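Asks: One rule links them: number in the numbering used here = place in the sequence shown (from 1) + 225.
Ideal Cβ positions, reconstructed from N, Cα and C, are used throughout, including at glycine.
Computed from a predicted structure; not experimentally measured.
This is the structure, below, for whatever I ask next.
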Amino acid sequence: MYKLLTMSLMCVTCGWLSAEQYVCSQPVLSMHKEPKELSEVVSQLVWSDSVQIIENADKGWAKVATQDSRQGWVPFKSLVVFEDSAYPKPGKVAMVTSRLAHVYLVRDVKMYPPLLTLPYGAKVEVFSGFDVQAEKWAQVRLINGEVAYMQRSDVVFNPKPLSLDESLDLAKSFVGIPYTWGGNSVYGFDGPGFVQMVYQQMDYQLPREASMQAEAPCMQKVSVDELERGDLMFFSLTDDGQIDHVGIYMGNNEFIHACSKNTPPTVLLTSFTAPYWQASLKKCCRVHRG
Numbered sequence: 226m227y228k229l230l231t232m233s234l235m236c237v238t239c240g241w242l243s244a245e246q247y248v249c250s251q252p253v254l255s256m257h258k259e260p261k262e263l264s265e266v267v268s269q270l271v272w273s274d275s276v277q278i279i280e281n282a283d284k285g286w287a288k289v290a291t292q293d294s295r296q297g298w299v300p301f302k303s304l305v306v307f308e309d310s311a312y313p314k315p316g317k318v319a320m321v322t323s324r325l326a327h328v329y330l331v332r333d334v335k336m337y338p339p340l341l342t343l344p345y346g347a348k349v350e351v352f353s354g355f356d357v358q359a360e361k362w363a364q365v366r367l368i369n370g371e372v373a374y375m376q377r378s379d380v381v382f383n384p385k386p387l388s389l390d391e392s393l394d395l396a397k398s399f400v401g402i403p404y405t406w407g408g409n410s411v412y413g414f415d416g417p418g419f420v421q422m423v424y425q426q427m428d429y430q431l432p433r434e435a436s437m438q439a440e441a442p443c444m445q446k447v448s449v450d451e452l453e454r455g456d457l458m459f460f461s462l463t464d465d466g467q468i469d470h471v472g473i474y475m476g477n478n479e480f481i482h483a484c485s486k487n488t489p490p491t492v493l494l495t496s497f498t499a500p501y502w503q504a505s506l507k508k509c510c511r512v513h514r515g
């Protein structure tokens, strides 16, 4: 059974506030550098992502740590804790595979407006795997316990990791999505957030920042001449020469990335033959899949 967080706020300077797992109850939730809305976004959570609270602050904010060790501040009211079970329960997981998927109160797209709209990758709990009265609907249980309905074509049940080719096809399907600093959802991606999301579909958990991805233990350095589809290309787009951007090699001298340099800033395919990108390249790596 879930409960909304109503515990009193107290300041914790170090260590975990609680070993309990908390769940994001918003379709997409920005994690901030400081406990206020007008603060830099360091990453995002999507619906059902689990976090641990490591610090509370005044005015309704909680500092959380994600499964990839990213830390940031989120509104306290956007988190739910499950006391006696996980959400979604193992074996009852449905994952959104459309860019965006409406969730409805009833099995009708016209009667009421959607309760909410979930992004690709969000997970819900299957209340009844296939609705017996209407095969195009899936009955789900939301984080607040409410029973709702989704189009079966928007979700996949008990998702399995994608192959490399499937993941690269998925990456291409996101071309045109806006670049968003700190973004790692279809509402907007930044460079490392996009790469992290794509590799998550193959069951790899890469770090959140490009510089950390480049040094991850699973990375095997390769030369430009050795590049294969799915390899990662790391760049420095600033004068300090430090790695701060990453894309995925797609073959034929092209890579896909979420980039702020183009107008408008989006996810796009870019030719590596352009002098700017050749000069900016710092490292090429292959993710060890052994």
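So, helix, strand or coil for V331, using DSSP?
Replies: The answer is coil: DSSP assigns V331 none of H, G, I, E or B.
Asks: Among residues of its own chain, excluding the 5 on either side of L395, which ones have a beta-carbon nearer than 8 Å to its beta-carbon?
Replies: Correct list, in chain order: L387, V423 and Q426.
Asks: For Q277 and R366, I'd like the C-alpha separation in whole angstroms.
Replies: Cα to Cα, the separation comes out at about 23 Å.
Asks: With a floor of 3 residues, list each beta strand (DSSP E) that falls wholly inside the stretch 377-446, ordered by position along the chain.
Replies: Taking only runs of at least 3 residues, the beta strand (DSSP E) segments lying wholly in the stretch 377-446 are 380-382.
Asks: Quick check: the Cα distance between V266 and M256, rounded to an integer number of angstroms?
Replies: Each residue's Cα considered, the two are about 6 Å apart.
Asks: Let's test the definition: count the other Cβ atoms within 10 Å of the Cβ of K288 and tell me whether it reaches 16, buried, or not, exposed.
Replies: So K288 ends up on the buried side.
Asks: Could you tell me which residues DSSP puts in a beta bridge with R366?
Replies: Paired residues: E350 and V372.
Asks: Would V400 pass as a contact of P344 if the rule is Cβ separation under 8 Å?
Replies: Their beta carbons are not under 8 Å apart, which means V400 does not touch P344 by this criterion.
Asks: Name the two residues that bound the continuous alpha helix (DSSP H) containing Y501.
Replies: Segment P500 to S505, the alpha helix (DSSP H) holding Y501.
Asks: Who are the near neighbours of K372 in its chain, counting only those whose CB is closer than 7 Å to its CB and skipping five residues on each side?
Replies: It should be pointed out that residue 372 corresponds to Val in this sequence rather than to Lys. Closer than 7 Å at the Cβ level, and outside the excluded window around V372, lie F352, Q364 and R366.
Asks: Around the C-beta of M444, are 16 or more other C-beta atoms found within 10 angstroms, so that it is buried, or is it exposed?
Replies: Under this definition M444 is a buried residue.
Asks: Using a Cβ-Cβ cut-off of 6 Å (strictly less than) and excluding sequence neighbours within five positions of R377, which residues of its own chain qualify?
Replies: Closer than 6 Å at Cβ, skipping near neighbours: K361 and A363.
Asks: Helix or strand or just coil, what does DSSP make of F497?
Replies: Correct three-state label for F497: coil.
Asks: Under three-state DSSP, which class holds E453?
Replies: Three-state result, E453: coil.
Asks: Run the CB neighbour count on H482, radius 10 Å, all protein chains shown included, and call it buried at 16 or more, exposed below.
Replies: Buried, by the Cβ-count rule.
Asks: Report the three-state DSSP secondary structure of K288 (helix, strand or coil).
Replies: If DSSP states are grouped into helix, strand and coil, K288 belongs with the strands.
Asks: Under 8 Å, do G297 and K258 count as touching if we go by C-beta distance?
Replies: Cβ distance < 8 Å, so G297 and K258 count as in contact.
Asks: To the nearest angstrom, report how far apart I368 and S268 are at their CA atoms.
Replies: Going by the C-alpha atoms only, they are around 22 Å apart.
Asks: In whole angstroms, what separates the C-alpha of Y412 from that of I402?
Replies: Rounded to whole angstroms, Y412 to I402 spans 7 Å at the Cα level.
Asks: Can you check DSSP and say which residues form a bridge with L304?
Replies: In the DSSP output, where bridge partners are listed per residue, L304 has C249.
Asks: Tell me the DSSP bridge mates of E479?
Replies: G476 and S496, per the DSSP bridge assignment.
Asks: Let me check one thing: in DSSP terms, what residues is S275 bridge-paired to?
Replies: DSSP, once it has assigned bridges, lists V248 as partnering S275.
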